[in-house]
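Student: Sequences listed follow chains E and Z, in order.
Per this note's numbering, the very first residue in the first sequence carries number 1; after that it's consecutive.
Per this note's numbering, the very first residue in the second sequence carries number 1001; after that it's consecutive.
Beta carbons are placed, not taken as given, at the ideal position from N, Cα and C, and that holds for glycine.
One structure follows; several queries about it will come next.
Protein chains: 2
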Amino acid sequence: MNKLDESLLTSLPPFRNFSKTQIRTVLDLATPKRFGQELAVFTEGDPAKRFYLLLDGHIRVVRTTPNGDQIIVLHIAPGQLFGIAAAMRRDTYPATAMTADECLTLSWPNALWHKFAEDYPGFATENYKTVGERMGEVNNRVVEMATQHVEQRVACTLLRLINQNGKKVENGIAIDFPITRQNLSEMTGTTLHTVSRLLSAWQKEGIVASTRKRVAVTDPHRLVLISEAGI
Amino acid sequence: MNKLDESLLTSLPPFRNFSKTQIRTVLDLATPKRFGQELAVFTEGDPAKRFYLLLDGHIRVVRTTPNGDQIIVLHIAPGQLFGIAAAMRRDTYPATAMTADECLTLSWPNALWHKFAEDYPGFATENYKTVGERMGEVNNRVVEMATQHVEQRVACTLLRLINQNGKKVENGIAIDFPITRQNLSEMTGTTLHTVSRLLSAWQKEGIVASTRKRVAVTDPHRLVLISEAGI
DNA sequence: GCCCAAGTTTGTTGTAGAGCAATGTCGTGG
DNA sequence: CCACGACATTGCTCTACAACAAACTTGGGC
């Protein structure tokens, strides 16, 4: 068990404005856990017993079809809750959470969701707001998939990734966790081949810079143009 | 103003188990309204001031892209709440609600959401459950769009429609509101031409029976096969 | 009953992008 | 340090489906 600093939580939306003692209680009840890369925190269909907070690292939330196709539903960044099926009164997790890199999570039994919500007004509010935003994003994705070409969708996806998980580097903004062409294709509903071709082409034009498992955007503005018009 | 029967609400999930006087209060505070076909109940971007319950008819929830493409995000059946942006703490509606046929709605100012939730435990629970289910469905759609062919997607969409809005008729199960090829194409991310061709082909095979603005499924089982394998 | 607009059907053509296959490169573990 | 597996690139082919075009059908309004 790691020593947990109170300051870890006080800045996060769901726990903002909690009193010092309340934060301490929340931390006392939490179970911390470290994960290596590419491990499942929980699996689709498992009984939903706990909800999680990601303190460090990055999580991919993934669904698998009956034919074995896998698609990435959502990315979780540090400071966000995930596995909140409980809050939506589901009894099993609707998707699998995989670590994209080394992760540190806190988790609590579902029963505590209700306790937190009762004891600390603002907890539920903040989280339902998050759910609302995620709902908006996934609807955006449906619209994107229905109306845009592969090239535009990949551009949109990259832009979203650098917005939510971008880290400034010398030549642009990098996605700060490992991501393969395959992963990108699973987010856009295409094949790794097509993604590879697009990244190669964009690299030649100086729009992106990618290496194995890493992608950085060097010219976000051009990418926006592509995402809007397909050039 | 129509006389509102208490029995209208007592059977609906969000209000189930309310006391008789509670139901009466809910009804007293509600504003009923009738709509003709193809009218907007509220519009994307409008300030979200009220939330709605559909008593009769069918509602399409629609998003419009900057280029004017329109896609149907969700269908609302009688007895369901919609426009619950308030519950997700959004200040504008994220989509437009259009009537598919003649509709009767009740609506309440957003402030009452919180009152209902406080006064009547079970109201919030029931509704967040609904949100969770809708989230699951829209994620399913993303997966569908990412992995399935047009033929399969149209089949899936028809099956979902007859499940949620099906009415038994002599030769099968009909979608009990007007729906055009164009509408179906907006739900599946294709063109009305392709939908028309598919319906014609399926009609020849005796799988569906469609007329102008009406679609019925005569052989759901075959449609399931198509949705799964593409046949 | 007739007209018109909205909805539908059907044909043709062009192309985005999937599918397949072969080769190249990186980095990790023995 | 080497070998192997995982990841990536690239070329070729082929098809599903969008895009365009044009005629046909239906039903509601005058």
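(1) N1139 (chain Z) touches chain E at which residues, Cβ-Cβ below 8 Å?
(2) Look at the Cβ atom of D55 (chain E), then the Cβ atom of L104 (chain E), and state whether they are nearer than 8 Å.
(3) On the DSSP letters alone, give me the boundaries of the alpha helix (DSSP H) that Y1128 (chain Z) sits inside.
(4) Short of 8 Å in beta carbon distance, which residues of its chain neighbour I1179 (chain Z), apart from the five on each side in sequence? Order them along the chain.
(5) Consult DSSP for T188 (chain E) and reduce its assignment to one of helix, strand or coil.
(6) Taking the Cβ atom as the reference point for each residue, do V150 (chain E) and V1142 (chain Z) lie within a distance shorter than 8 Å?
(7) Flag D1091 (chain Z) as yes when its Cβ comes closer than 7 Å to any non-hydrogen atom of the ligand GTP, and as no otherwise.
(8) Bridge partners of S107 (chain E), per DSSP?
(9) Got a sec, what are the start and stop residues for the beta strand (DSSP E) L1074 (chain Z) sits in?
(10) Please report how far the alpha carbon of C1156 (chain Z) lies from the alpha carbon of A1174 (chain Z), in whole angstroms.
(11) Buried or exposed for M1001 (chain Z), going by 16 or more other Cβ atoms inside 10 Å?
(12) Mapping the DSSP letters down to three states, classify L158 (chain E) as helix, strand or coil.
(13) Mind checking which residues open and close the beta strand (DSSP E) that includes T1099 (chain Z)?
(14) For V1224 (chain Z), which residues of its own chain have a beta-carbon under 7 Å away from its beta-carbon, when the five flanking residues on both sides are left out?
(15) Ordered along the chain, which non-local residues of its own chain (more than five positions away) have a Cβ less than 8 Å from that of E1203 (chain Z)?
(16) Using 8 Å as the limit for Cβ to Cβ distance, is D69 (chain E) near chain Z?
(17) Taking the C-alpha atoms as reference points, what is the distance between I84 (chain E) and N1171 (chain Z)?
(18) Can you tell me whether E1006 (chain Z) is buried or exposed? The criterion is at least 16 other CB atoms within 10 Å of its CB, across all chains shown.
(19) Judging by CA-CA distance, which residue of Z:Q1182, Z:L1027, Z:P1066 is the nearest neighbour of S227 (chain E)?
(20) Going straight from the alpha carbon of N1017 (chain Z) to that of A1087 (chain Z), what length do you get?
(21) Let me confirm a value: A1229 (chain Z) is counted as buried when at least 16 other C-beta atoms fall within 10 Å, else exposed. Which label applies?
(22) Mind checking the segment 107–132 of chain E against chain Z and listing, in chain order, the residues whose C-beta falls within less than 7 Å of any C-beta there?
(23) When the Cα atoms are used, what is the spatial distance from L106 (chain E) to R34 (chain E)?
(24) CB-CB under 7 Å to P1014 (chain Z), same chain, minus the five flanking residues each way: which ones, in chain order?
(25) Distance, Cα to Cα, S196 (chain E) vs D119 (chain E)?
(26) Any Cβ of chain E within less than 8 Å of the Cβ of T1025 (chain Z)?
(27) Quick check: the Cα distance between D1091 (chain Z) and F1116 (chain Z), rounded to an integer number of angstroms?
(28) Are the Cβ atoms of N1163 (chain Z) and D1176 (chain Z) separated by less than 8 Å?
(29) First and last residue of the alpha helix (DSSP H) that includes I1226 (chain Z)?
(30) If you measure from the beta carbon of M1098 (chain Z) to each beta carbon in chain E, is any gap under 8 Å?
(31) A1095 (chain Z): which of E:E137, E:K129, E:P32 sits nearest, CA to CA?
Tutor: From the atom records:
(1) R63, V73, P94, A95, V138
(2) Looking at the sequence itself, residue 55 (chain E) is Leu, so the reference to Asp does not match. It is a contact, given that the beta carbons lie within the stated cut-off.
(3) Here the alpha helix (DSSP H) through Y1128 (chain Z) covers 1123–1147.
(4) A1100, L1161, K1213, R1214, V1215
(5) helix
(6) no
(7) Questions concerning the ligand GTP fall outside what the structure shown contains, since it holds no ligand whatsoever.
(8) E:T31, E:Y52
(9) 1070–1076
(10) 15 Å
(11) Because M1001 (chain Z) carries a pLDDT of 42, less than 50, the predicted location of this residue cannot be relied on, and the following value inherits that uncertainty. Exposed is the call here.
(12) helix
(13) 1096–1099
(14) L1159
(15) For the sequence presented, residue 1203 (chain Z) should be read as Gln rather than Glu. So the list reads A1209, S1210, once near-sequence residues are dropped.
(16) yes
(17) Computed Cα separation, rounded: 43 Å.
(18) Counting of Cβ neighbours within 10 angstroms places E1006 (chain Z) among the exposed residues, the total staying below 16.
(19) Z:P1066
(20) 21 Å
(21) The residue in question, A1229 (chain Z), is exposed, as its Cβ has fewer than 16 Cβ neighbours within 10 Å.
(22) Close to chain Z, meaning a Cβ-Cβ distance shorter than 7 Å, are the following residues of the segment 107–132 of chain E: T125, Y128, K129, V131, G132.
(23) 9 Å
(24) L1081, F1123, E1126, N1127
(25) 50 Å
(26) no
(27) 19 Å
(28) A distance of 8 Å or more separates the beta carbons of N1163 (chain Z) and D1176 (chain Z).
(29) 1220–1229
(30) no
(31) E:E137
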